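Asks:
In full-length UniProt numbering, the protein residues as written are 1 to 189.
1) Suppose the cutoff is 6 Å on Cβ atoms and the five residues either side in sequence are ignored; what does the same chain contact list for residue 116 look like?
2) From what residue to what residue does the beta strand (DSSP E) around residue 148 run?
3) Rounded to the nearest angstrom, how far is the Cβ of residue 144 from that of residue 108, given a contact under 8 Å?
4) Taking 8 Å as the cut-off, decide whether the C-beta atoms of residue 47 and residue 158 are in contact.
5) Consult DSSP for residue 7 and reduce its assignment to one of helix, strand or coil.
6) Can you name, in chain order, every residue of its own chain whose Cβ lies under 6 Å from the Cβ of residue 91, other than the five neighbours on each side?
7) If we require 3 or more residues per run, which beta strand (DSSP E) segments fall completely within the stretch 61–117?
8) Which word fits residue 86, buried or exposed, when buried means at least 16 other C-beta atoms lie within 10 angstroms of its C-beta?
9) Decide if the stretch 162–179 is in contact with the stretch 119–133; the criterion is three or more beta carbon pairs, one per stretch, under 8 Å apart.
10) Assuming residue 43 and residue 69 make a contact with CB atoms under 8 Å, what is their CB distance in whole Å?
11) How many angstroms separate the CA atom of residue 88 from the CA atom of residue 95?
12) By DSSP's criteria, residue 167 is part of a beta bridge. Which residues make up the other side?
13) Give me the residue from 174, 106, 139 and 17 with the minimum Cα distance to residue 79.
14) Where does residue 21 sit, in a helix, a strand or coil, going by DSSP?
15) Going by DSSP, what residue range makes up the beta strand (DSSP E) through residue 153?
16) Name the DSSP bridge partner or partners of residue 139?
17) What residues in its chain sit with their C-beta under 6 Å from that of residue 98, if we drop five residues either side in the sequence?
18) Could you check whether residue 168 and residue 75 sit closer than 8 Å to each other, using their CB atoms as the reference points?
19) Between 65, 110, 100 and 175, which lies nearest to residue 152 when the distance is taken from Cα to Cα?
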């Protein structure tokens, strides 16, 4: 093989190596534009993952939730506006978790810790469930973090579905039975 041809092949090979290096650099740059790592501000358990691997994410869109280790769970309740009249911070709540039928395992008590002032409308897309009327979002603390069943303690988990009764007042059975008479007497003076 003539020397000039050999030199030409070496130059071509060097040119291809440079091009490969440039392409690798470009690929790396492009990957860095679409891939990033964010470190959590504290140690915790990841819950409520809202995106799939490889899906595109818009700015300010939550990806997941992190529950700090050793933190207490709270429950988020939805209160219809028609029921919101007398609800106050600190009101007691009886919570029945679907995963632990209350007829067998009872209920967990708690207290209202926050009442949102902003209504959630059926047209809003902020809830993972469909609602048919305007609601207030309420948070309640839980007086216990687990349910005792079958001789064991079962911890409550994020995402469990529950129903709740908010205790507005306590009356004796007699007061409850005579309430209609008291109200008529009050109206008549």
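Note that CB positions come from ideal geometry on N, CA and C, so glycine has one too. Just so we're clear, the structure is a prediction, and the values are computed from it rather than from any experiment.
Replies: Straight from the coordinates:
1) Same-chain partners within the cutoff: 136 and 137.
2) Residues 146–149.
3) Yes, they are in contact, since the Cβ atoms of residue 144 and residue 108 sit about 6 Å apart, within 8 Å.
4) Using a Cβ distance threshold of 8 Å, residue 47 and residue 158 count as a contacting pair.
5) In the three-state DSSP reduction, residue 7 falls in the helix class (H, G or I).
6) For residue 91, where only same-chain residues beyond five positions count, the Cβ hits under 6 Å are 112 and 166.
7) Within the stretch 61–117, the runs of beta strand (DSSP E) that reach at least 3 residues and sit entirely inside it are, in chain order, 65–68, 74–80, 92–97 and 108–115.
8) The residue is exposed, with fewer than 16 neighbouring Cβ atoms inside 10 Å.
9) Counting C-beta pairs with one atom in each stretch, the stretch 162–179 and the stretch 119–133 have fewer than three that are closer than 8 Å, which means they do not touch.
10) Yes, residue 43 and residue 69 are in contact; Cβ-Cβ is about 5 Å, under 8 Å.
11) Here the alpha carbons of residue 95 and residue 88 stand approximately 17 Å from one another.
12) Its beta-bridge partners are 92.
13) Among 174, 106, 139 and 17, the Cα nearest to that of residue 79 is on 139.
14) Three-state DSSP puts residue 21 in a helix.
15) That run of the beta strand (DSSP E) goes 152–155.
16) Answer is 76 and 114, bridged to residue 139.
17) Only 161 meet the Cβ criterion.
18) The beta carbons of residue 75 and residue 168 sit no closer together than 8 Å.
19) Comparing Cα positions, the closest option is 100.
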